[in-house]
Amino acid sequence: MFEPQHEPRVFGVAPGIDFPKDLVAGLLERLQGQPAHIIGQVDLVVNTRRMQRRLREVFDTGPASLLPRIHLIDNLDTLAPHIALPLPSPTLRRRLELITLVSKLLDHAPELAPRTSLYDLSDSLAQLIDEMQGEGVPVEAITSLDVSDQSGHWERSKQFLSIAHKYLGDSISRPDPRARQRQIVQQLIADWTENPPQNPIIVAGSTGSRGTSALLMKAVACLPQGAVILPGFDFDMPTAVWTDLGEDQEKLAQDHPQYRFRHLLCELDMPRSKIGAWTDAVPPSPERNALVSLSLRPAPVTHVWLTEGPKLPDLVSATKGLTLIQAPTPRAEALAIALRLRQAVEDDQTAALITPDRLLSRQVTSALDRWNIVPDDSAGLPLHLSPPGRFLRHVAGLFLRKLDSEALLTLLKHPLTHSGGDRNIHQLNTQRLELQLRRDGLPYPTADSILRLSQKTVSRSKDPLQMDAWAQWVGSCVTGVEIGKERPLEEWVAAHIDLANAIADGSNPSTASELWTHLAGEEASNVMTNLCENAAYGDTMSASDYADLVGALLQQGEIRDRDAPHPGVMIWGTLEARVQGVDLIIMGGLNDSMWPESPAPDPWLNRKMRMKAGLLLPERRIGLSAHDYQQSIAAPEVCLTRAIRSDEAETVPSRWLNRLGNLLNGLSDQSGDRAWKSMVERGDYWLAQARALEAVRREPPAPRPSPRPPRAARPHALSVTEIKRLIRDPYAIYAKHSLKLRALNPLVQSPDAPVRGIIVHEIMERFIKSVMVEPENLTKAHLLETASTVLDAEAPWPAARVMWLTKIERIADWFIENEVKRQSYSRPAAFEKAAKGRHVLADLGFTLTGYADRIDRTDDGDILIYDYKTGSPPSVAEQKAFDKQLLLEAAMIEEGGFKEIGPATVARAAYIGLGSKPIERPAPLEDEPPHEVLAKLHALITSYLSEDQGFTSRRMVKTTDFAGDYDQLARFGEWDATTEPTPEDLK
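Sequential numbering from 8 applies to the sequence shown in our numbering.
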């Protein structure tokens with residue numbers, strides 16, 4: 008296939024050329040005239056499975072022939088089947104072993120790092136071990152480093168690296184994947200040295216950025232029929248620059264896209280001039296390649312822009328296929344990209360979005376959904392975001408914390424819950440339980456409380472026994488699962504899988520659940536099976552640690568459905584840019600920290616120590632990203648996109664985009680500035696399209712409602728507390744009583760003011776009743792004891808219990824002092840449940856009802872009314888105009904509306920404020936005598952029973968920030984308090 012030569016055989020493929028097609032074309036060209044079976048003897052070593060698949064697709068297009076043997080560079084067992092090495096140690100096993108070792112070290116020396124960093128330290132240590140094995144760096148090279156001039160942190164790092172030393176020593180019998188791969192390459196090189204293979208062996212598509220890959224490439228290049236084909240080789244960069252690149256440590260240019268190739272050539276002792284093109288193929292735009300090559304010159308030699316820039320060919324032609332979209336926001340960028348991809352589909356183009364920004368790719372996928380376009384995302388769907396992944400994480404969370412209503416319903420509503428049969432009945436029962444939860448409030452459900460609530464819904468169930476059985480299943484599976492102690496990992500995994508199966512099967516399983524079915528379920532099953540098989544290598548851990556471990560393992564998985572996506576729309580990471588073969592490339596997220604990505608912080612070694620030890624430098628990743636950029640921008644048609652501003656602040660353009668812009672705008676004599684402007688104008692077209700797509704026609708704001716329903720639909724019964732709402736917000740009364748709408752309580756009951764008010768009322772009622780039985784109980788100690796008892800029973804929030812008990816303790820002395828005075832001249836006669844009153848306005852057909860918190864009777868037979876307030880009691884002026892509760896109750900008593908009390912004179916009515924500043928505020932009975940109160944009530948009800956009176960929304964609210972239950976229904980916000988109400992007659 009190749010002519011004999013004594014020098015290494017290295018070829019290059021220029022940026023922009025379809026690498027897989029060019030590779031196949033060159034291969035077939037060199038095999039012309041050879042027997043047909045010869046191609047089957049060719050060994051091709053490629054760097055990714057996507058490249059492997061693409062090569063097969065190219066061969067499938069014809070002409071008919073045998074296929075070469077295609078191997079992956081990270082799985083060389085097929086290239087060297089004669090080399091018998093132990094199978095690699097499972098990655099999960101290694102991770103669990105490292106977690107155990109680091110955990111023991113932190114137990115022995117807790118000052119080294121906080122316990123919460125256990126998993127992060129273990130993962131980063133595993134990455135360091137991978138790198139050391141891949142680069143062939145022994146632990147001694149690191150442990151022997153002189154850190155006397157470094158901070159104490161690096162000395163502590165050595166203690167952790169001793170773990171690596173121990174681990175590497177223990178893993179000789181069963182090496183890690185990286186170590187095993189290097190051993191295979193070393194064995195191959197040794198075999199080839201003694202007996203060089205005579206069949207063609209080609210390494211194609213790898214940049215040699217990893218030590219083991221570079222080792223293999225050097226060996227293959229020197230074989231009699233071996234060759235290395237470099238992707239994205241810059242033939243436009245002058246030889247002098249190749250010579251300077253990387254020779255001087257002060258000019259170390261690992262962030263340059265061609266640095267890895269320069270390093271490989273130095274290792275092979277091969278000049279740049281010996282690198283030939285694999286084929287005669289011409290890039291889509293040689294002028295653009297020259298322009299980009301010049302823009303990417305290493306920093307020390309960018310002065311050549313002044314001399315070489317004027318020599319560039321026509322810049323307008325070079326940038327003809329480039330579009331620059333500079334969107335104001337990430338959302339606008341995603342929408343513009345989606346529109347361009349949609350146009351590509353319309354034009355029957357193949358298109359790919361290349362971006363390392365996963366958030367941007369998800370936004371684009373979401374935007375494409377409006378046209379039913381599903382892109383082929385190389386990253387797939389993260390397993391932990393799939394239904395089985397979320398389900399397993401929810402189940403693991405049950406071990407972690409006390410069950411609350413939100414977690415309960417989240418799990419019950421999951422599509423995989425109760426998927427073993429009668430799923431429709433389960434959904435119906437769940438809806439009933441949720442409504443009852445919202446009505447009654449249940450912050451922390453238990454098995455008994457779930458059964459009790461479900462029995463309240465029996466009236467809405469056709470099969471009460473089935474509902475009870477379902478509730479018992481929920482209680483047994485979901486409640487009381489939290490575990491506060493550490494357990495061996497094997498026990499955690501077994502309990503997790505058993506519980507997940509029980510919840511997925513349901514209360515009456517008739518078939519296998521859907522938890523482990525379909526692509527996502529099978530992948531989740533593989534993860535949990537792998538964890539189960541390797542759990543013996545893990546240590547004991549807490550529920551929190553186990554939940555974190557499961558979440559991290561699921562996060563590493565991905566799901567790809569090859570049949571669902573659109574065949575012509577792809578989303579690739581930067582690695583896939585090397586396998587490009589599409590009509591349109593969109594390079595998204597071209598901002599610094601994304602192109603290139605910021606190097607991750609290294610907790611073990613700083614840059615200087617890495618260089619001394621022979622490990623990879625942080626600039627390496629930048630160089631690889633630059634190489635991906637150089638290949639992608641050379642495609643036939645390229646769209647460059649970035650967002651000018653993120654959610655937090657303005658962004659900085661990618662350094663390479665900046666270089667390109669600066670070079671073009673500095674070459675005005677060659678129309679560089681005009682070329683840049685044309686790129687921006689082409690991008691502005693798509694931004695305008697995005698704005699047009701999201702443009703909305705302005706609708707006139709809704710009027711301030713004031714509905715006027717017929718008399719029969721108006722409320723004919725209200726409570727004394729609703730009179731205040733009728734005066735302040737009539738629309739709320741209309742919505743509640745005429746429309747029969749009720750606001751749903753929040754799912755998670757929180758310790759808010761209404762709940763506190765209910766509990767405080769219960770405390771005071773119990774305390775006063777106990778004093779009635781035993782007068783000596785009228786003490787602060789007994790009040791606090793009663794409060795503590797009620798809070799323990801009614802307030803399931805530990806922090807709120809302590810805070811509320813403290814508040815009661817602050818006002819206890821004041822309350823006891825005033826209660827002694829109250830009991831000196833009166834005795835309690837009725838409390839809330841018994842103190843129920845009713846007054847009928849017969850001529851209007853209207854009934855007023857009410858409950859008094861407490862009614863006392865004096866020795867003279869007069870009545871005293873008290874109402875507890877945990878906040879500030881209403882002022883006298885408020886009581887006269889709006890808050891008429893006590894005034895109405897007093898009038899009702901005098902009219903005989905309270906059966907337990909009978910007609911009696913009301914001597915006093917007062918609010919007992921139990922807030923931070925306790926106060927007893929009387930009602931203005933003298934200014935508002937009962938007959939006047941009832942007369943005003945009659946006039947108010949007469950008005951609102953008249954069909955000419957509208958129920959105006961927020962008529963006289965106390966404060967502008969008042970939030971009503973029906974404000975959204977009234978479309979408050981489209982109008983305000985200055986808007987005149989618009990009456991609307993209803994029929």
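We treat Cβ as the ideally placed atom computed from N, Cα and C, and that holds for glycine.
Under 7 Å Cβ to Cβ from residue i, same chain only, skipping five residues before and after it: list those, please.
i	result
G690	T330, L331, I332 and Q333
W249	R269 and R279
A148	A620 and G621
E257	Annotation note: pLDDT 39 at E257 (below 50); position unreliable, no value reported.
R834	D863 and R864
R787	Residue identity check: residue 787 is Lys in the sequence provided, not Arg. If we look at K787 and ignore the five residues flanking it on each side, its Cβ neighbours are A819, D820 and I823.
T336	A650 and R652
Over what stretch of residues does the beta strand (DSSP E) that includes residue i continue unbroken?
i	result
M601	Per DSSP, M601 belongs to no beta strand (DSSP E) and is neither H nor E.
P929	I926 to P929
H789	Careful: H789 lies outside any beta strand (DSSP E), inside the alpha helix (DSSP H) at K787 to E801.
L337	For the record, residue 337 in the displayed sequence is Pro; it is not Leu. Where P337 is concerned, there is no enclosing beta strand (DSSP E), although the alpha helix (DSSP H) it sits in stretches over P337 to E353.
R845	K843 to L848
R715	R711 to R715
P363	No beta strand (DSSP E) holds P363; DSSP gives it neither H nor E.
Go through its chain and collect everything with a Cβ distance to residue i's Cβ below 6 Å, but skip five positions before and after it.
i	result
L894	A930, E935 and V940
M594	I361, S639 and L647
A550	F406, L407 and I490
E987	none
L416	E441
E626	Q261 and D262
G215	A221, M224, R267 and L271
Within 10 angstroms of its Cβ, does residue i collect 16 or more other Cβ (buried), or is it exposed?
i	result
I457	buried
M779	exposed
Q886	buried
Y832	exposed
K828	exposed
L700	exposed
R439	buried
F774	buried
If residue i and residue j are in contact, beta carbons under 8 Å, what's the gap, nearest whole angstrom?
i	j	result
G47	P75	7 Å
R347	W693	6 Å
I208	D50	5 Å
K876	Y918	5 Å
G387	P516	Not quite, the Cβ-Cβ distance comes to about 31 Å (not below 8 Å), so this is no contact.
Q232	M8	6 Å
W683	N672	6 Å
T464	M474	7 Å
Closer than 8 Å by C-beta to residue i: which residues in its own chain qualify, once you throw out the five before and the five after it? Chain order, please.
i	result
R63	L74 and I77
V998	With the chain covering only 8 through 994, there is no way to say anything about residue 998.
P608	none
L125	I106, V109, S110, L113 and D552
A554	R400, A403, G404, F406 and L407
A358	R347, L348, A351, V352, G575, V576, M577, V589, D590, L591, I592 and I593
W523	P395, E529, A531 and S532
H391	R397, R400, G558, L561, Q562 and G564
A760	T877 and G878
E902	H846, P910, P937 and L941
V645	G328, L329, T330, L591, I592, I593, M594 and S639
Would you give the residue range spanned by the alpha helix (DSSP H) that residue i belongs to?
i	result
W312	W312 to E315
R681	G679 to E701
K731	V727 to R735
C646	Premise fails: C646 lies in the beta strand (DSSP E), E644 to A650, not in any alpha helix (DSSP H).
Q434	R430 to D447
Tell me whether the region 488–506 and the region 444–451 touch, counting them as touching only if at least three CB pairs, one residue from each stretch, are closer than 8 Å.
The region 488–506 makes no contact with the region 444–451, as fewer than three CB pairs between them are under 8 Å.
The region 564–576 touching the region 535–544, judged by at least three CB pairs closer than 8 Å
Look at the beta carbons and you see the region 564–576 not touching the region 535–544: under three pairs across the two are nearer than 8 Å.
Would you check if there are 3 or more beta carbon pairs closer than 8 Å linking the region 708–726 to the region 363–382?
At 8 Å Cβ cutoff, the stretches do not touch.
If contact is defined by three or more beta carbon pairs under 8 Å, each pair taking one atom from either stretch, is the region 733–740 in contact with the region 953–970?
A contact exists between the region 953–970 and the region 733–740.
Pairing CB atoms from the region 696–714 with CB atoms from the region 974–990, are three or more of them under 8 Å?
Touching, per the Cβ criterion.
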